[in-house]
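Have a look at the structure below before the remarks.
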Amino acid sequence: MKQQAEPYVSTTNACKLCKPLGACLAFRGIEGAVPFLHGSQGCATYMRRYVISHFREPMDIASSSLGEKQAVYGGGPNLKQGLKNVTNKYEAKLIGVATTCLTETIGDDVAGIVREFRLESTNGGGNGTTPVVTVSTPSYSGTHMEGFHAAVKAVVEQLAEGGEPLDTVNLMPGFVSPADIRYLKEILADFGVPGIILPDISETLDGPAQTDYEKIPAGGTPVADIVAMGRSRATLEFGRTLFGQATAGQVLADRFQVPLEQLGMPIGLRETDRFFQALAEVAGKPTPLRHDLERGRLIDAMVDGHKYVFDKKAVVYGEEDLVVGLAAFLAEIGIRPVLCASGGKSGRFEEAIAQVTGDLLPEAPIIREGMDFYEIAEAAKALSPDLLIGHSKGYHLARRWGVPLIRVGFPIHDRFGGQRILHLGYRGAQSLLDRLVNALLEKKQMDSPVGYGYL
Ligand code: SF4
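Under this note's numbering, think of the first position of the sequence shown as 3, with each following residue one higher.
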């Protein structure tokens with residue numbers, strides 16, 4: 003019997019971003035790297051605008067700048083010319099080439115073109131030695147998070163090598179804020195663990211003021227460290243929806259036998275406890291006192307704030323692993339995440355949320371993958387949420403419903419300091435808790451007919 007095709011439903015205000023955009027963000031976290039899009043100029047312009055508006059940092063993204071002619075005859079010559087220009091003008095230590103919708107549709111063999119380029123460049127006396135990492139990122143089949151993870155995996159696959167074991171520990175945190183990465187570095191240092199964090203956007207996307215424009219900002223994971231990742235003694239990788247998947251950490255485990263520990267994004271108390279426990283095992287020492295004290299202060303604040311947040315209802319949306327971590331945290335503090343939504347479609351979102359909230363919530367939340375904001379609004383209509391938690395694209399819903407929006411993740415285009423929001427660890431949970439409680443108190447105060455100054 004002929005199968006009935008699923009009816010086409012258009013996307014209205016997507017709750018995800020373009021796949022190569024995620025790849026460009028990952029490449030930006032490598033020292034001396036230039037992200038390069040094989041596609042039309044417009045793709046690079048859109049992504050630069052998005053990234054700059056959130057991070058408030060310059061972001062060069064090179065492009066092979068394809069037009070109609072290349073769409074018909076192929077973009078190989080443009081890609082080679084672009085790589086030559088970037089090699090000569092940027093003195094890049096690495097060029098990260100991500101494909102786009104256009105070049106995936108016309109079927110350019112990007113890895114093959116890059117091989118040809120390197121051969122021609124070397125034979126012609128040019129610099130054929132700049133590493134070029136290629137990643138396939140058709141945006142019509144994924145999200146920016148998938149592009150981010152694909153780029154990290156491609157970097158490891160194409161650069162990491164084995165050899166004499168080192169004392170280092172690889173940490174793949176996923177796409178978190180520069181403030182989160184700085185905090186992770188601090189934690190590793192306090193445990194005395196020499197870490198290789200990939201990627202590291204802590205400086206490249208949140209750097210100090212410069213008197214002169216730097217074509218490539220300082221910071222990022224050094225290429226030599228990435229090469230050495232196959233010799234590390236362990237890999238820690240964040241993201242429950244990545245469990246059991248062919249990730250960068252899995253590549254290192256399969257090829258170089260680097261033991262892999264996959265953890266949830268350490269958001270909230272229990273997921274952070276698991277991360278600190280893993281670090282304590284790797285370091286062979288207990289959690290340093292200052293972090294234990296931060297944990298204690300967080301629990302104290304949870305008790306103090308409970309009366310303000312208890313039984314409130316939240317709609318949480320955004321990247322899948324971020325939503326999983328936030329749902330875990332909300333359940334811990336007594337807020338009910340009534341709807342958890344993401345534009346991602348990993349097929350593992352629901353299970354991951356059940357793992358972290360199942361024993362805490364009296365009733366499972368509605369969990370939806372592949373959602374856009376039209377669908378989120380429809381699903382949330384009957385739930386009467388008290389607050390929204392997610393990136394700034396949900397602002398129109400918060401405004402329509404007259405509830406606070408706690409801005410987290412990416413992109414945050416309507417507030418200042420998105421790159422400095424802390425999500426991870428005890429410190430991140432403390433900051434989120436303070437913001438949540440205060441947003442609810444402010445709403446109560448604003449709605450009060452008489453106003454009051456003591457809570
Ligand atoms: S055309 Fe595709 S790759 Fe380019 S910006 Fe749009 S979604 Fe991204």
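Glycine included, every Cβ here is placed at the ideal spot set by N, Cα and C.
Separation of residue j from residue i, as counted between CA atoms
i	j	result
I408	D111	43 Å
Y456	L168	57 Å
F277	E188	14 Å
P339	T145	23 Å
K71	R401	45 Å
H151	L104	21 Å
V158	K21	19 Å
A100	E148	12 Å
E444	D313	17 Å
E321	E59	22 Å
G1	T170	In the structure displayed, the chain extends from 3 to 457; residue 1 sits before or after that span and is not available.
L107	V137	Correcting the residue identity first, residue 107 is Thr in this sequence and not Leu. Rounded to the nearest angstrom, the two C-alpha atoms are 15 Å apart.
I115	K82	7 Å
G78	L399	44 Å
A191	A282	12 Å
T132	G41	21 Å
G298	Y185	18 Å
L271	E380	32 Å
L442	D302	19 Å
A2	R120	Residue numbering for the chain in the displayed model covers 3 to 457; residue 2 lies beyond these limits and cannot be assessed.
L262	G197	14 Å
D323	V317	15 Å
Y86	S204	The question names Tyr, yet the displayed sequence has Lys at residue 86. Cα to Cα, K86 sits roughly 29 Å from S204.
C26	T124	26 Å
L68	Q43	7 Å
L363	V325	16 Å
G453	N440	15 Å
A343	Y397	15 Å
M304	G31	34 Å
Local Cβ density within 10 Å of residue i, reported as buried at 16 or more and exposed below that
i	result
N90	exposed
D202	buried
G222	buried
M49	buried
S386	exposed
A384	exposed
H308	exposed
Q421	buried
G345	buried
K217	exposed
D436	exposed
S450	exposed
A153	buried
S143	exposed
M174	buried
K446	exposed
A7	exposed
L54	The amino acid occupying residue 54 in the given sequence is Ile; Leu does not appear at that position. Exposed.
T47	exposed
F412	buried
A248	exposed
P9	exposed
F418	exposed
E365	exposed
Which of helix, strand or coil DSSP assigns to residue i
i	result
E239	strand
H40	strand
S65	strand
G197	strand
A35	strand
E216	coil
E59	coil
R409	strand
G98	strand
T249	coil
G76	coil
L104	helix
T223	strand
A16	strand
G474	Since the first residue shown for the chain is 3 and the last is 457, residue 474 is missing from the structure and cannot be characterised.
Length at least 4, wholly inside the region 124-176: the alpha helix (DSSP H) runs in chain order
Taken in chain order, the unbroken stretches of alpha helix (DSSP H) that lie wholly in the region 124-176 and span 4 residues or more are 146-161.
Extract the residue ranges of the beta strand (DSSP E) inside the region 294-377, only unbroken runs of 3 or more that lie entirely within it.
Taken in chain order, the whole beta strand (DSSP E) runs of length 3 or more contained in the region 294-377 are 315-319, 338-343 and 368-370.
Any 3 or more C-beta pairs closer than 8 Å across the region 202-217 and the region 178-191:
Touching, yes.
Meets three-Cβ-pair contact criterion under 8 Å: the region 398-407 and the region 329-338:
Contact fails: fewer than three Cβ-Cβ distances are below 8 Å.
Count the CB pairs spanning the region 221-240 and the region 51-64 that are closer than 8 Å, and state whether there are at least three.
Contact fails: fewer than three Cβ-Cβ distances are below 8 Å.
Mind the definition here: the region 33-43 touches the region 93-106 only if three or more C-beta pairs lie below 8 Å; say whether that holds.
Output reads yes: the region 93-106 touches the region 33-43.
For the region 283-296 against the region 349-359, do three or more pairs of beta-carbon atoms, one drawn from each stretch, fall closer than 8 Å, so that the two count as touching?
Flag = no, the region 283-296 and the region 349-359 do not touch.
Count the CB pairs spanning the region 420-440 and the region 352-361 that are closer than 8 Å, and state whether there are at least three.
These segments do not touch.
I'd like to know if the region 10-17 and the region 373-383 are in contact, where contact means that at least 3 CB-CB pairs between them fall below 8 Å.
A contact exists between the region 10-17 and the region 373-383.
Contact between the region 213-230 and the region 249-261 is defined here as three or more beta-carbon pairs at a separation below 8 Å; is this criterion met?
Fewer than three pairs of CB atoms, one per stretch, sit closer than 8 Å, so the region 213-230 makes no contact with the region 249-261.
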